[in-house]
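Numbering (this note's numbering) for the sequence shown: 19 to 106.
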Amino acid sequence: MKEVHCIKLDTKLEGLERPPYPGDLGRRILDSVSKEAWQMWLDHQTMLINENNLNLFDESSQSYLKEQMENYFFSEQDIDQIEGYIPK
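(1) Span of the alpha helix (DSSP H) holding Lys26?
(2) Would Ile97 pass as a contact of Ala55 if the rule is Cβ separation under 9 Å?
(3) Who are Ser52's beta bridge partners in DSSP?
(4) Can you give me the C-alpha to C-alpha distance between Ser78 and Asn68, rounded to a whole angstrom?
(5) In whole angstroms, give me the CA-to-CA distance for Val51 and Tyr82.
(6) CA-CA distance, Pro37 and Gly44?
And the structure:
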């Protein structure tokens with residue numbers, strides 16, 4: 019089991035087994051995001067896709083999700099929230 023200091027949860031946790039995304043961004047996620055934080059992102063991403071009716075075959079939707087993912091883990095910028103959704 020590989021441990022990482024999770025950038026999102028600010029603690030040492032079990033890391034991912036392989037990059038979840040291609041290229042440099044995938045390597046950054048592998049090195050600094052825990053399995054738990056990655057699952058949190060997947061849940062948030064699913065809500066973004068559903069609430070915004072994103073077509074994942076559309077390049078602009080893919081770019082939007084990549085930008086949101088980078089902001090979620092590596093930026094001080096706010097990520098888009100789902101209107102009316104209150105996280106637990």
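For each residue, glycine too, the CB sits at the ideal point set by N, CA and C.
So, from the listed chains and residues:
(1) By one-based count along the sequence shown, residue 26 stands at place 8. Element bounds for Lys26: n/a, residue is neither H nor E.
(2) For the purposes of this step, residue 97 is taken as the residue at position 79 of the sequence shown. For the purposes of this step, residue 55 is taken as the residue at position 37 of the sequence shown. Contact flag unset, no.
(3) Position 34 of the sequence shown, counting from 1, holds the residue named residue 52. Per DSSP, Gly33.
(4) Walking along the sequence shown from the start, residue 78 turns up at place 60. Walking along the sequence shown from the start, residue 68 turns up at place 50. Separation of Ser78 and Asn68 (C-alpha to C-alpha, rounded to the nearest whole angstrom) is 15 Å.
(5) What you label residue 51 is simply residue 33 of the sequence shown in a count that begins at 1. What you label residue 82 is simply residue 64 of the sequence shown in a count that begins at 1. Straight-line Cα distance between these residues: approximately 20 Å.
(6) By 1-based counting over the sequence shown, the position of residue 37 is 19. By 1-based counting over the sequence shown, the position of residue 44 is 26. Taking the straight line joining both Cα atoms gives about 5 Å.
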